[in-house]
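Take 2 as the starting number for the sequence shown in the numbering used here and just add one per residue. Using N, Cα and C, we set each Cβ at its ideal position, and we do this for glycine too. Step one of this worksheet: look at the structure below.
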Amino acid sequence: MRQSSLVVVANRLPLDDNAAPDGACEWRRNPGGLASALHAILAPTPATWVGWAGGVGRAPALPDVGSLRLRPVSLTEDDLRGYYEGFANSTLWPLYHDAVQQPVFQRDWWETYRTVNQRFADAAAEVAEEGAAVWVQDYHLQLVPRMLRDLRPDLLIGFFMHVPFPPPELFMQLPRRVELLRGMLGADLVGFQREQAAHNFAQLARKLLGAEATDQTVAIDGRTVRTGAFPISIDVAEMRALVTRPDVVSQAKQLRHDLGQPKRVLLSVDRLDYTKGIEHRLTAYSELLRDGYVKVRDTVMVQVAVPSRERVESYQELRDRIEGEVGRINGEYGRVGEPAIHYLNQPFGRAQLAALYQTADVMVVTPLRDGMNLVAKEFVAAREDGSGALVLSEFAGSAAELEQAFLVNPHDVDGLKETLLRAMQADRADLAARMAAMRRHLAGHDILVWARAYLSALDDTGHLATLTGVA
Ligand code: GDG
2 MRQSSLVVVA NRLPLDDNAA PDGACEWRRN PGGLASALHA ILAPTPATWV
52 GWAGGVGRAP ALPDVGSLRL RPVSLTEDDL RGYYEGFANS TLWPLYHDAV
102 QQPVFQRDWW ETYRTVNQRF ADAAAEVAEE GAAVWVQDYH LQLVPRMLRD
152 LRPDLLIGFF MHVPFPPPEL FMQLPRRVEL LRGMLGADLV GFQREQAAHN
202 FAQLARKLLG AEATDQTVAI DGRTVRTGAF PISIDVAEMR ALVTRPDVVS
252 QAKQLRHDLG QPKRVLLSVD RLDYTKGIEH RLTAYSELLR DGYVKVRDTV
302 MVQVAVPSRE RVESYQELRD RIEGEVGRIN GEYGRVGEPA IHYLNQPFGR
352 AQLAALYQTA DVMVVTPLRD GMNLVAKEFV AAREDGSGAL VLSEFAGSAA
402 ELEQAFLVNP HDVDGLKETL LRAMQADRAD LAARMAAMRR HLAGHDILVW
452 ARAYLSALDD TGHLATLTGV A
C-alpha cells in the first residue's frame, strides 16, 4: 500500500461516476461544491483522496489522477440509506440549515453512520504515512477525526465543515450530540466557513462537555483543539480561462440568441435542494410578472436545478412542487415560443456553466441558509467585462465577503421582489463599481489562498510544509 503525506477524506471522490469504460480516468466533478473546491489544490500534490466512488458494492479500482491517488471506500445499499441518505442528509443536513426542513431522527441510522465513518477512518489510517496530515471534510464524516486519532495518534488531523454549524438551540436537538461533538474534537484544527460557527462550537463544547472553550480553542482530554473561520473560495483562474475560451464566448452568444435576445436574463444555478430558496424565488418572480413589473417579452429567467439526492423523499417532493410552480408560471405568463422561466433539471459541464454565467445580466442566489455558496463567487469571477448584477442572500456565507452584492433576506418575499427590481434597474456605473469591488476581493481570496490558510494553520510546526510543499 502506497502511503501519502497528505490525505483528504471526503464522502465523494472527485469523480462524477466510476472511471470510464476504457479505464481512463479524468477529473470530472460531481455537482457538490466540495469536489469543485479541492480540485485546484490537490492536483499538483502527491496526496491520496479517500472517498466513495458512487454506486454500491465493491469499490472499483481507480487509476491515479495525475499525482493524486484515489482510495475508494465501498458502500452497500444499506449504508447508502442509513449513512448518506439517512443520518447525513435527512438528519444533519436539515438541522444544520436552520431546520428549514424538519430533520428526521430515525434511530437505526446512527449505527450505520458510525460504521461507515469507521470504514473511512480505517482507510485513511492505511494510506497515511507516519506523521502525515489528514484533512477530513464535512458533516458526513464528523466521527472520523476521533476514530483516526485512536488509530493513529502520530497524525496531524484537520476537519473542515463546509455547511453551517448551528447555534446550540438547534444542535441540542440531536440525539447523538455528544458523540458528534467529541468526534470533531479528535482533530487538531476544526475549520468553519464563518466565525459564528466557531462561536457556536465553543458554546456547545462548554455546555455539553464542560470543556474550557473560546472561539479559537477548545481544551479537551488534555489536548488543545484549535478552531477558526476559513471561508472557502473558487478557482478564479480556472473560471477566467473558461470564459475567455472562444468556444465558451460563442456559446454564451448562442444562448442569448436561443433565449430570444431578451433585454434581460436572470439566472439561478443550484442543486435542487430545499436550502437554496428556489420556491421563494419563484414566488417573488411570479408576483413581479403578475403585477406587470416584469414582462416576458423583454425578460427571461433561467433556473438550473441540478438533480441531487434524488432518492430522498423530501427532495422528490421539492422537485414536484418546483416543477408544478414553474409549469403554473409558464402556463399563466408565457407566450408561444417565450416561456417566462427556462427550467433545466440536468447537470451541466463547466464550460456550459461558464457560458451561462456570461449570458446572465442578473444572477439570483437566494439560499435560505448556505455555508458559503460557490455559485455566487463563480458568477463574479466569470464577469471579465465587469458587468452584471448579483442578488445574494444574507444567509449565504459568501454575503460576508461579497458585500457589494444586492443583499437580500429571501424569506421576505416583498423585499426579494424589491431587490430584484433594483438589481434589474441599476445603472451601469453602479453595477460596474460593485462588480469591480467584488472581483478585487475574489482575486485576493481564491481557492489556493483558502487551502494554504487552512493547511498552514493546521501545520503550525511547519512539518507538513516540508513534506508537501503546499503550505
Ligand atoms: C456545499 C455547501 C459550500 C453546480 N451545478 C453543476 C456544477 N455545479 C457546481 C457549481 C459550484 C458547486 O457545484 C456548488 O457549490 P455551492 O457552494 O453553490 O453549493 P453546495 O453544493 O451546496 O456545496 C456550500 C460548498 O459546499 C463548498 O464548501 O459553499 O455552502 O452547501 O461550484 O458550479 N458543476 C458541474 N455541473 C453542474 O451541473 N460540473
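query: Hey, would you say the C-beta of Pro348 is under 7 Å away from at least one heavy atom of ligand 1?
result: Translated into the one-based positions of the sequence shown, residue 348 becomes position 347. Pro348: yes, Cβ under 7 Å from ligand 1.
Please report the distance separating the alpha-carbon of Leu210 from that of Val179. The sequence position of residue 210 within the sequence shown is 209, counting from 1. The sequence position of residue 179 within the sequence shown is 178, counting from 1. Distance between Leu210 and Val179, taken at the CA atoms: about 7 Å.
inquiry  = Excluding the 5 residues flanking Leu289 on each side, which residues of the same chain have their C-beta closer than 6 Å to its C-beta?
reply    = The residue you call residue 289 lines up with position 288 of the sequence shown. Answer for Leu289: Val295 and Lys418, listed in chain order.
(request) Would you check if the distance between the CB atom of Leu393 and the CB atom of Leu408 is smaller than 8 Å? (result) As a working mapping, residue 393 is identified with position 392 in the sequence shown. As a working mapping, residue 408 is identified with position 407 in the sequence shown. Taking 8 Å as the Cβ cut-off, Leu393 and Leu408 qualify as a contacting pair.
| said: For the stretch 124-132 against the stretch 167-178, do three or more pairs of beta-carbon atoms, one drawn from each stretch, fall closer than 8 Å, so that the two count as touching? | reply: Not touching, per the Cβ criterion.
**Boundaries of the alpha helix (DSSP H) in which His200 is found, first to last residue** = Your numbering for residue 200 matches position 199 in the sequence shown. Segment Glu196 to Leu210, the alpha helix (DSSP H) holding His200.
Practice item. Tell me whether the beta-carbon of Leu190 lies closer than 8 Å to the beta-carbon of Ala206. Key: In the sequence shown, the residue the question calls residue 190 occupies position 189. In the sequence shown, the residue the question calls residue 206 occupies position 205. Cβ distance not < 8 Å, so Leu190 and Ala206 don't count as in contact.
- Query: On the three-state DSSP scale, how would you describe Pro32?
  - Reply: Working through the sequence shown from its first residue, we reach residue 32 at position 31. At Pro32 the pLDDT is 40, less than 50, meaning the model places this residue with poor confidence and gives no usable figure here.
### Query
With respect to 7 Å, is the separation between the Cβ of Leu354 and the closest non-hydrogen atom of ligand 1 below this value?
Stepping through the sequence shown from its first residue, residue 354 is reached at position 353. At least one heavy atom of ligand 1 falls within 7 Å of the beta-carbon of Leu354.
- request: Would you mind stating whether Phe110 and Gly87 have Cβ atoms separated by less than 8 Å?
  value: Here residue 110 refers to the residue found at position 109 of the sequence shown. Here residue 87 refers to the residue found at position 86 of the sequence shown. What sits at residue 110 in the sequence shown is Trp, not Phe. Yes.
*Helix, strand or coil for Tyr294 per DSSP?*
As a working note, residue 294 is residue 293 in the sequence shown. Looking at Tyr294 - three-state DSSP - the assignment turns out to be coil, as it is neither helix nor strand.
* Whether Ala188 touches Val226 by CB criterion (8 Å) -> Locating residue 188 in the sequence shown gives position 187, where the first residue counts as 1. Locating residue 226 in the sequence shown gives position 225, where the first residue counts as 1. Contact: yes.
Leaving out five residues on either side along the sequence, give the residues of the same chain with a beta carbon under 8 Å from the beta carbon of Leu157. The residue labelled residue 157 in the question sits at position 156 within the sequence shown. Here Leu157 has Gly132, Ala133, Ala134, Val135, Asp189, Leu459, Asp460, His464 and Leu465 as same chain residues with Cβ atoms under 8 Å from its own Cβ, once five neighbours each way along the sequence are excluded.
- Count the other CB atoms, across all protein chains shown, that sit within 10 Å of the CB of Gly52; report buried if there are 16 or more and exposed otherwise. In the sequence shown, counting from the first residue as 1, residue 52 sits at position 51. Gly52 comes out buried.
With distance defined between alpha-carbon atoms, name the residue in Ala198, Thr92 and Tyr85 nearest to Pro104.
Translated into the one-based positions of the sequence shown, residue 104 becomes position 103. It is Thr92.
Exercise. Please go through the same chain and pick out, in chain order, the residues whose beta-carbon is closer than 7 Å to the beta-carbon of Tyr275, but skip the five residues on each side of it.
Key: In the sequence shown, residue 275 corresponds to position 274, counting from 1. Non-local beta-carbon contacts of Tyr275 in its own chain, meaning distances under 7 Å to residues more than five positions away in sequence, involve Val101, Gln102, Ser315 and Leu319 in chain order.
For Ile279, name the three-state secondary structure that DSSP assigns.
By 1-based counting over the sequence shown, the position of residue 279 is 278. Helix, per DSSP.
By the DSSP assignment, the alpha helix (DSSP H) with Ile323 in it spans what residues? As a first step, residue 323 must be located in the sequence shown, where it is residue number 322. Glu314 to Tyr334 is the span of the alpha helix (DSSP H), which, as asked, contains Ile323.
**OP:** Give a yes or no on contact between the stretch 290-309 and the stretch 333-345, applying the rule of three or more CB pairs nearer than 8 Å.
**Re:** Yes, since at least three Cβ pairs between the stretch 290-309 and the stretch 333-345 fall closer than 8 Å, the two stretches touch.
When DSSP labels each residue in this structure, what does Ala54 get in the three-state scheme?
As a working note, residue 54 is residue 53 in the sequence shown. Coil.
- Exposed or buried, which one is Val57 when buried takes at least 16 other CB atoms within 10 Å? Locating residue 57 in the sequence shown gives position 56, counting from the first residue. Looking at its Cβ environment, which holds fewer than 16 other Cβ atoms inside 10 Å, Val57 is exposed.
(request) Over the uninterrupted alpha helix (DSSP H) stretch that includes Ser251, give me the two end residues. (result) Counted from its first residue, the sequence shown places residue 251 at position 250. Pro247 to Asp259 is the span of the alpha helix (DSSP H), which, as asked, contains Ser251.
Boundaries (first-last residue) of the beta strand (DSSP E) holding Gly192: Along the sequence shown, read from residue 1 onward, the residue named residue 192 stands at position 191. For Gly192, the enclosing beta strand (DSSP E) starts and ends at Leu190 to Phe193.
Length of the line joining the Cα atoms of Gln426 and Gln138: Working through the sequence shown from its first residue, we reach residue 426 at position 425. Working through the sequence shown from its first residue, we reach residue 138 at position 137. Spanning the two alpha carbons is a distance of roughly 41 Å.
Compute the distance between the beta-carbons of Ala122 and Leu81, then report whether it is under 8 Å.
The residue given as residue 122 occupies position 121 in the sequence shown. The residue given as residue 81 occupies position 80 in the sequence shown. With contacts defined as CB atoms closer than 8 Å, Ala122 and Leu81 fail to qualify as a contacting pair.
For Gln353, three-class secondary structure by DSSP: As a first step, residue 353 is located in the sequence shown; it is residue number 352 there, counting from the start. DSSP, read as helix, strand or coil, puts Gln353 in helix.
Counting pairs of beta carbons, one from the stretch 328-335 and one from the stretch 216-236, are three or more of them closer than 8 Å?
-> The stretch 216-236 and the stretch 328-335 do not touch, with fewer than three beta-carbon pairs separated by less than 8 Å.
Helix, strand or coil at Gly87 according to DSSP, with G and I counted as helix:
Your numbering for residue 87 matches position 86 in the sequence shown. Look at Gly87 here: in three-state DSSP terms it is helix.
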